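S.K.: Right, I'll just put the structure down here and ask away after.
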Amino acid sequence: MFYIYIYVTLSSFYLFKKKSTMTDPLRILDDATLPENKPDLDAIRQCLEQPLKWKRTTLKPIAWKHHIRTIAQTVIPNWAYAFNTTTSNTLRSTLEETFLRLPKVSLPILLDCLSQVNLSALEIYIDLLKSLTITMTDLTPYADDRFFCNLLCSVPTRIANAIGLGGTESWYIDTHYFARLARHVARQTQPYGTLSSAYAGELLGRMIRLGHANVCISAIYPIILDQQGKGWSAIWTVIESYASMGKITETILQLVQKNQQQHPGIHKSIKSIQKIASQLAMVLFGVDGKSSIRIEQFLSFAYIRLANASWTNTNTLRIALTTAIYAQQKNVQGLDETSVSPESLCMVNTLICRLIDKWADPVFLKHGSYKEQEYITAGLVYTLGYLSSDQIETLMNETALRGFIHRWFEYSDTIKMKLAVVLAETISELTEEGSSRLNFGILKEPEDSTFLVMKTLAEKRDALKKVELNGLTCDGDDDEEETNGPIIEDYSSPPVSGDEQQDEELDPDAILTGDQESEDEDDEFEPYPMEESESDDEALHGGSDTGARKKRVKAPVYIQDLIVYLKDDEDPVKLDVGLSSAEQLIRDKANAGSELNESAIELAKRLIGFTTAYDLENTTERQKLSLAALIATVPETVTGYIIDQIFDRNTSMEQKSTLFASIILAVRELAGTSIPENNKRQDELSLELEKQLSLEESKSSTSIVGKPRVFSRRMDIEKKKITHRNRLSGIAGPVFFFPLLVGWWEGARGKARSWLGRDALLAERFVMTLLVIMHGATNLPERGRIVTEYFEFALPLRFISLPQPVTRSLLLGFDIIVNVNYGHQGDLLLQEYPQQLVETKNWLEDIMEMVNADDLKQVALRILARLMEISISA
Amino acid sequence: MSAPTPAYIFRKHKASVNAITFFSNDKYIASCDANGIVCIWKMKTRRTILEWKAHDNDCLQVHIYGKNRLVSQGRDHKVNLWQLILDEEEEDKVPEYILIQSIDYYSLSFCRLSICQTKDDTYLCLPLRGDTSLVDIYSIEQQKWIIQRIGLKEERDQKEKTDHGLCMAVKLFCLNEAFYVLTGYEDGSVALWHVSYLNEKSNLVWLVKEHTAPVLDVVMDRSTLEFAISTGADNQIVKYALTSTSHPAQQHEEDYSSIVMKKTSIKKSGLAAIDIRIDGKIFATAGHDGRIRVFSCKSLQPLAILSYHRDSVYSVAFASVLQDTKDHWLIGGSKDSRISLWSIY
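See below:
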């Protein structure tokens with residue numbers, strides 16, 4: 001035991017002795033270079049060369065540090081000229097070798113020395129730094145030390161501080177430096193190198209945080225692609241803990257998009273988007289590991305935070321979502337229309353909810369820039385395309401997006417309105433079948449082409465389209481180079497110019513021959529003098545003689561002709577003639593064969609959809625009269641269609657009110673209550689109705705106080721008349737009244753997607769139409785049913801807060817019932833409708849207690865008085 | 001140089017002149033009209049030497065082939081072949097005509113037949129089935145329809161249901177012992193078909209739709225077979241390249257811009273017929289406006305407008321003799337039943 005102890009002590013002593021002997025010569029060599037010892041070049045050379053021959057293990061780190069410091073601080077400044085002369089190449093290389101031996105020691109010392117003012121020494125320092133940082137392809141010596149991350153990142157700044165700004169080509173310009181450094185890091189990550197993902201991530205993260213995201217990402221993108229993204233999921237996570245995910249998302253998307261735009265040919269094709277997205281998914285999310293949260297963050301950045309960026313467009317949206325879907329379901333090859341994984345769907349759903357939240361935000365609506373609003377809307381449209389109609393339906397119910405759309409419409413801003421139109425039409429297209437689809441008809445080519453294009457986004461579904469996709473892996477196919485190539489932006493060496501190649505591809509001869517051919521077309525034949533004849537084709541297009549042509553357009557003789565005239569949207573003269581002659585023609589054809597019956601619906605369609613593109617006189621008036629004539633002539637055939645159009649949401653409000661007006665006119669004509677021209681001014685009902693019918697005056701008309709005498713006097717006049725058959729008989733209910741109510745109820749119950757009741761003006765007009773029919777049906781057997789239906793229709797409405805004009809017209813309906821329909825049959829009324837009358841009375845009493853409703857009170861009072869009268873007489 | 005005037009007006013027909021042609025070294029002219037009358041005119045005397053009712057109905061086309069053999073196509077569902085005996089050698093010989101053959105076909109369209117002579121046979125090309133876009137080839141020597149239903153697409157194409165409408169004009173020519181059929185359709189498209197005599201199958205070489213109205217006539221340059229020109233009921237004249245015919249395979253899938261060499265339009269719509277002079281330098285069109293227009297083949301520049309006819313011109317034909325010492329004749333037959341003779345270039 002004792003021997004062993006002695007042996008150990010001895011051997012350690014021996015070792016110590018040996019080490020100290022190795023350290024001392026180093027110190028001696030160093031000391032020899034000190035200025036006070038007056039060294040010569042040989043001493044310097046020896047100081048540099050000797051230690052390199054010793055084994056690395058025999059050197060003490062502290063001693064070596066001292067050695068390096070001596071060289072850096074003493075030898076280089078004093079002997080800079082010696083290192084810089086051309087003959088001392090060996091000396092220079094030895095110096096370099098010395099510094100490279102332990103980079104961890106050399107780098108901090110060199111950086112410290114940069115504060116030296118000696119310019120020639122500075123040059124040597126910078127050169128040494130170059131070889132210590134970017135020329136060194138292996139960064140392993142610095143690995144796993146966070147201190148060196150900072151040092152490595154500070155190199156360009158420190159050099160810049162020391163020498164001021166260098167030339168743009170210098171290696172230490174930060175764009176060049178960081179690009180190369182990033183490339184080194186990327187190449188050396190595991191499993192391809194030795195750098196741990198934490199270290200690589202930290203270094204890259206710091207670089208990105210310093211504001212070099214663009215440089216770094218464009219440098220590492222092709223490398224990651226080469227490595228097929230292995231291990232990068234972890235690295236990105238580390239990077240994101242240093243730099244923000246938003247910055248990375250923005251940079252990488254911008255980069256990818258810029259690259260895509262450089263190839264205009266492939267610019268928007270699905271294939272190119274799929275390719276880019278699959279690459280991006282691989283680069284950003286790797287092929288291994290779960291990264292759902294990161295994908296969601298990525299999407300939310302791409303869709304919401306980037307909305308205001310100037311470079312983003314619909315392509316960004318497409319690339320981002322496709323990338324996310326590819327990243328979510330790693331197997332891209334198998335994707336088709338049906339195979340969106342539940343996770344992806346869930347992700348899309350979350351995104352849509354976020355987008356809807358953003359879209360519905362009143363602040364966004366009011367203060368958001370157009371760019372932002374367009375971007376978010378486009379994002380919504382595009383993502384909605386991925387959902388099935390059921391899913392969208394559920395989403396609608398959950399988020400009340402419909403209500404938000406209305407909010408957008410309420411702004412009197414055309415762009416906002418059009419964006420809402422785009423979204424509404426898209427949702428309708430995605431959820432509904434062909435004919436019932438919403439079509440506002442507002443978006444027109446070419447001025448709204450942006451919005452129309454935006455609408456088509458819903459059909460893109462880039463991630464799901466089957467396109468032969470080669471870009472998933474990097475092993476060579478022909479397309480690879482064109483897609484990967486331009487992304488590599490090599491900052492250290494001039495890139496292989498793609499432009500040159502393109503120039504070569506252009507074949508100048510091809511064009512030139514064509515030009516030459518067209519130039520040397522001097523014929524051997526000299527043309528004979530030719531008389532100039534007027535071109536008949538030109539005459540057709542010439543506008544000078546339209547006046548002369550106007551006379552030539554004859555009034556149509558057959559209904560089919562009329563339809564052709566009305567169809568001709570290009571020829572205002574024909575349209576004018578057609579519209580003018582329509583009413584008379586329809587009346588002429590009233591009892592002449594089946595011609596009118598057969599084409600009635602087509603004709604009604606043409607009359608309703610009559611173009612307003614030309615400023616023809618009295619268009620609405622003539623349209624109204626023609627439609628009224630049509631309804632009055634063939635009520636059974638055409639009224640159903642007309643009523644359908646009223647409740648179709650693709651009919652404009654103006655068209656709807658025209659339709660109501662024509663129904664009213666037709667009903668009055670059929671009921672025989674329309675007054676001949678010469679008597680017109682006496683008829684106050686007509687006047688009242690006319691006022692109600694004109695869209696422009698509708699506001700003022702509502703302020704006119706109701707006139708009960710209107711109806712009683714009408715009765716007086718009617719009494720004086722000869723009895724006519726009421727042509728409304730048999731059709732007042734089934735053809736006019738009930739279908740109108742059915743439409744109303746469907747809307748009210750939410751079966752139809754638009755409800756008349758939402759619009760005060762139309763609702764009032766609707767009620768007035770009912771009243772006219774009810775009025776006309778006074779002497780008909782259907783009276784009872786119609787009145788019952790009216791009660792059913794009107795009474796529930798008392799519980800809704802209605803605009804005053806609508807309430808007033810509803811009350812006028814009761815007025816008609818008590819004063820006209822049952823004008824002389826008060827007892828019968830009381831017998832048939834006791835319950836309804838009580839409810840009516842309650843309502844009227846409620847109204848009497850209302851403030852600011854003098855109009856209503858007047859009408860209500862009159863009805864109440866009449867009710868009292870009836871009840872007393874009963 | 002003043003505007004050209006007609007050198008002579010041939011008056012004999014009593015109905016619109018549907019077709020005219022020079023023959024026998026321009027010594028004679030053959031013409032046919034809407035009454036079914038065929039006339040043979042002698043250029044020297046400018047008088048008719050033969051005149052007979054070749055068809056019960058409208059006669060659409062006359063052609064001369066072989067040794068004074070005449071083909072007449074009538075709308076009485078017959079194509080008749082006649083042997084003419086003319087007074088070429090002996091002045092006092094009485095001219096005669098003998099019907100040698102009558103071929104039945106369904107005359108439902110207005111497509112005029114086309115004729116192609118080879119060393120040992122003469123072929124006629126016309127729509128046998130009338131109301132169709134398909135055309136058929138008849139061999140006069142073999143006395144049978146040798147190739148039928150040219151224009152029938154392969155099955156996969158048929159599914160596309162691209163119906164071009166009736167065949168409006170057809171030209172048959174022979175190159176490297178293969179037939180090529182140039183057809184113009186009602187929808188304004190012009191197609192070139194390559195027909196192999198062996199397997200009797202037609203392959204589409206190209207199909208181009210440049211006209212917006214039915215094609216009314218197509219013609220190819222007979223000397224070089226390098227290009228073809230079409231006219232239609234619209235006001236366009238389109239020049240097509242025929243040179244690609246040597247590589248017929250799958251060319252229809254290529255870009256058509258290489259097929260259409262040039263286009264031009266005139267002020268009036270409707271060009272009923274077209275003829276290219278034998279040297280391939282100029283061509284003339286027969287206009288519905290009664291004017292014959294002369295254009296340069298190379299540039300499609302208008303060279304002359306020949307105004308005489310008061311009604312639509314239905315047919316134009318160039319003479320084949322182009323000697324410097326002689327007039328270079330051009331004739332036009334019109335709906336006003338006259339034939340005008342012009343000396344041009």
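Protein chains in written order, with full-length UniProt numbering: chain A, 1 to 874; chain B, 1 to 345.
All C-beta atoms, glycine included, are put in the ideal place defined by N, C-alpha and C.
Everything numeric in this text was worked out from a predicted model, so none of it was measured.
Would you verify that the beta carbon of F525(A) is, or is not, closer than 8 Å to some beta carbon of chain B?
M.R.: As a working mapping, residue 525(A) is identified with position 525 in the first sequence. Taking Cβ atoms only, chain B reaches closer than 8 Å to F525(A), which makes this a yes.
S.K.: Should D855(A) go down as buried or exposed, given a rule of 16 or more other Cβ atoms within 10 Å for buried?
M.R.: Locating residue 855(A) in the first sequence gives position 855, counting from the first residue. Classification for D855(A): buried.
S.K.: Just checking: is the beta-carbon of Y528(A) within a distance shorter than 8 Å of some beta-carbon in chain D?
M.R.: Going by chain labels, chain D is absent from the structure shown, which instead holds the protein chains A and B.
S.K.: Here's a check: name, in chain order, each residue in its chain whose Cβ is nearer than 8 Å to the Cβ of P61(A), leaving out the five neighbours to either side.
M.R.: Translated into the one-based positions of the first sequence, residue 61(A) becomes position 61. Correct list, in chain order: L102, V105.
S.K.: With 16 as the cutoff for other CB atoms within 10 Å, does T639(A) come out buried or exposed?
M.R.: Stepping through the first sequence from its first residue, residue 639(A) is reached at position 639. By the neighbour-count rule (16 or more Cβ atoms within 10 Å), T639(A) is buried.
S.K.: I need the straight-line Cα distance from L341(B) to K567(A), nearest angstrom please.
M.R.: If you number the second sequence from 1, residue 341(B) lands on position 341. If you number the first sequence from 1, residue 567(A) lands on position 567. Roughly 48 Å separates the two Cα atoms.
S.K.: Check distances from the C-beta atoms of the region 213 to 238 of chain B to those of chain A and list, in chain order, the residues that come in under 8 Å.
M.R.: Listed in sequence order: N235.
S.K.: If I'm right that V135(B) touches C167(B) with Cβ under 8 Å, what's the distance once you round it to whole angstroms?
M.R.: Stepping through the second sequence from its first residue, residue 135(B) is reached at position 135. Stepping through the second sequence from its first residue, residue 167(B) is reached at position 167. Their Cβ separation, rounded to whole angstroms, is 5 Å, which keeps V135(B) and C167(B) in contact under 8 Å.
S.K.: Can you check whether the C-beta of L242(B) is within less than 8 Å of a C-beta belonging to chain A?
M.R.: Position 242 of the second sequence, counting from 1, holds the residue named residue 242(B). With 8 Å as the cut-off, L242(B) does not count as an interface residue toward chain A.
S.K.: Please report whether the beta-carbon of I259(B) lies at a distance below 8 Å from any beta-carbon of chain A.
M.R.: The sequence position of residue 259(B) within the second sequence is 259, counting from 1. No, no contact with chain A.
S.K.: Looking at the unbroken alpha helix (DSSP H) that takes in D226(A), where does it start and where does it end?
M.R.: Walking along the first sequence from the start, residue 226(A) turns up at place 226. D226(A) -> alpha helix (DSSP H) spans 213 to 226.
S.K.: Taking the straight line between their C-alpha atoms, what separation do you get for L387(A) and P834(A)?
M.R.: The count along the first sequence starts at 1 and reaches residue 387(A) at position 387. The count along the first sequence starts at 1 and reaches residue 834(A) at position 834. Answer to the nearest angstrom: the Cα atoms are 54 Å apart.
S.K.: Should I282(B) be flagged as near chain A, meaning a C-beta pair shorter than 8 Å?
M.R.: Translated into positions along the second sequence, residue 282(B) becomes position 282. Closer than 8 Å: yes.
S.K.: Does the Cβ of S258(B) have 16 or more other Cβ atoms within 10 Å, making it buried, or fewer, making it exposed?
M.R.: By one-based count along the second sequence, residue 258(B) stands at place 258. Exposed is the call here.
S.K.: What does the alpha-carbon distance come out to for the pair D615(A) and V577(A)?
M.R.: On the first sequence, residue 615(A) is found 615 positions in, with the first residue counted as 1. On the first sequence, residue 577(A) is found 577 positions in, with the first residue counted as 1. Using only the alpha carbons, I get a separation of about 14 Å.
S.K.: How would you list, in chain order, the residues of chain A whose beta-carbon sits under 8 Å from the beta-carbon of P6(B)?
M.R.: Against the second sequence, residue 6(B) aligns to sequence position 6. Correct list: empty, because the minimum Cβ distance to chain A is about 13 Å.
S.K.: Express the C-alpha separation of G164(A) and S170(A) in angstroms, rounding to a whole number.
M.R.: As a first step, residue 170(A) must be located in the first sequence, where it is residue number 170. As a first step, residue 164(A) must be located in the first sequence, where it is residue number 164. Each residue's Cα considered, the two are about 12 Å apart.
S.K.: Between the region 8 to 21 of chain B and the region 856 to 870 of chain A, do at least 3 Cβ pairs fall closer than 8 Å?
M.R.: As far as the Cβ criterion goes, the region 8 to 21 of chain B does not touch the region 856 to 870 of chain A, which means the pair count is below three.
S.K.: Tell me the rounded alpha-carbon separation between C32(B) and T243(B).
M.R.: Looking up residue 32(B) in the second sequence gives position 32. Looking up residue 243(B) in the second sequence gives position 243. In a straight line, the C-alpha of C32(B) is about 34 Å away from that of T243(B).
S.K.: Would you identify the three-state DSSP class for H288(B), choosing helix, strand or coil?
M.R.: Counting from 1 along the second sequence, the entry for residue 288(B) is found at position 288. Residue state, collapsed to three classes: coil.
S.K.: Threshold first: 4 residues or longer. Then list the alpha helix (DSSP H) segments lying entirely within the region 734 to 792 of chain A, N to C.
M.R.: Qualifying alpha helix (DSSP H) stretches, in chain order: 738 to 748, 760 to 776.
S.K.: Quick check on this structure: which residue in K298(B), L60(B), R291(B), L172(B) has the alpha carbon closest to the alpha carbon of L192(B)?
M.R.: Locating residue 192(B) in the second sequence gives position 192, where the first residue counts as 1. Considering only alpha carbons, the answer is L172(B).
S.K.: Can you name the start and end residues of the beta strand (DSSP E) that K262(B) belongs to?
M.R.: Residue 262(B) sits at position 262 when you count from the first residue of the second sequence. It spans 260 to 265 - the beta strand (DSSP E) in which K262(B) sits, taken as one unbroken run.
S.K.: Say whether the region 188 to 199 of chain A touches the region 249 to 257 of chain A, bearing in mind that this needs 3 or more beta-carbon pairs closer than 8 Å, one atom from each stretch.
M.R.: No, the region 188 to 199 of chain A is not in contact with the region 249 to 257 of chain A.
S.K.: Taking CB distances under 8 Å as the criterion, tell me whether A3(B) reaches chain A.
M.R.: Here the question's residue 3(B) lines up with position 3 in the second sequence. So, interface residue.
S.K.: Report, in whole angstroms, the separation of the C-beta atoms of K605(A) and T658(A), which I expect to be a contact under 8 Å.
M.R.: Here residue 605(A) is taken as the residue at index 605 of the first sequence, counted from 1. Here residue 658(A) is taken as the residue at index 658 of the first sequence, counted from 1. So it is not a contact: roughly 14 Å between Cβ atoms.
S.K.: Alpha carbon to alpha carbon, how far is Q858(A) from F647(A)? Give it in angstroms, no decimals.
M.R.: Residue numbering aside, residue 647(A) sits at position 647 when the first sequence is read from its first letter. Residue numbering aside, residue 858(A) sits at position 858 when the first sequence is read from its first letter. Straight-line Cα distance between these residues: approximately 32 Å.
S.K.: Are the beta-carbon atoms of L91(A) and F99(A) separated by less than 8 Å?
M.R.: Residue numbering aside, residue 91(A) sits at position 91 when the first sequence is read from its first letter. Residue numbering aside, residue 99(A) sits at position 99 when the first sequence is read from its first letter. It is not a contact, given that the beta carbons lie outside the stated cut-off.
S.K.: Can we say the region 111 to 121 of chain A touches the region 153 to 163 of chain A, given the rule of at least three CB pairs closer than 8 Å?
M.R.: These segments touch.
S.K.: I want to verify the contact list: residues of chain A whose CB lies under 8 Å from the CB of Y308(B), in sequence order.
M.R.: Counting from one through the second sequence, the residue named residue 308(B) turns up at place 308. Going along chain A, no residue has its Cβ under 8 Å from Y308(B), so there is no contact; the nearest lies around 12 Å.
S.K.: DSSP state of D648(A), grouped into three classes?
M.R.: On the first sequence, residue 648(A) is found 648 positions in, with the first residue counted as 1. Note: D648(A) maps to coil in three-state DSSP.
S.K.: Just to confirm, are A829(A) and V820(A) a CB contact at a threshold of 8 Å?
M.R.: For the purposes of this step, residue 829(A) is taken as residue 829 along the first sequence, with counting starting at 1. For the purposes of this step, residue 820(A) is taken as residue 820 along the first sequence, with counting starting at 1. Rather than Ala, the amino acid found at residue 829(A) in this sequence is Leu. Their beta carbons are not under 8 Å apart, which means L829(A) does not touch V820(A) by this criterion.
S.K.: Have a look at D390(A) and L780(A) and give me their C-alpha separation to the nearest angstrom.
M.R.: Here residue 390(A) refers to the residue found at position 390 when the first sequence is read from its first residue. Here residue 780(A) refers to the residue found at position 780 when the first sequence is read from its first residue. Their backbone Cα atoms lie some 48 Å apart in a straight line.
S.K.: Between the region 3 to 16 of chain B and the region 65 to 80 of chain B, do three or more beta carbon pairs fall short of 8 Å?
M.R.: Contact between the region 3 to 16 of chain B and the region 65 to 80 of chain B is absent, because fewer than three Cβ pairs lie under 8 Å.
S.K.: Please tell me whether P95(B) has its Cβ less than 8 Å away from any Cβ of chain A.
M.R.: Stepping through the second sequence from its first residue, residue 95(B) is reached at position 95. By this cut-off, P95(B) is not an interface position.
S.K.: Give the secondary structure of M347(A) by DSSP, where H, G and I count as helix, E and B as strand, and everything else as coil.
M.R.: The residue labelled residue 347(A) in the question sits at position 347 within the first sequence. Reduced to three states, the DSSP call for M347(A) is helix.
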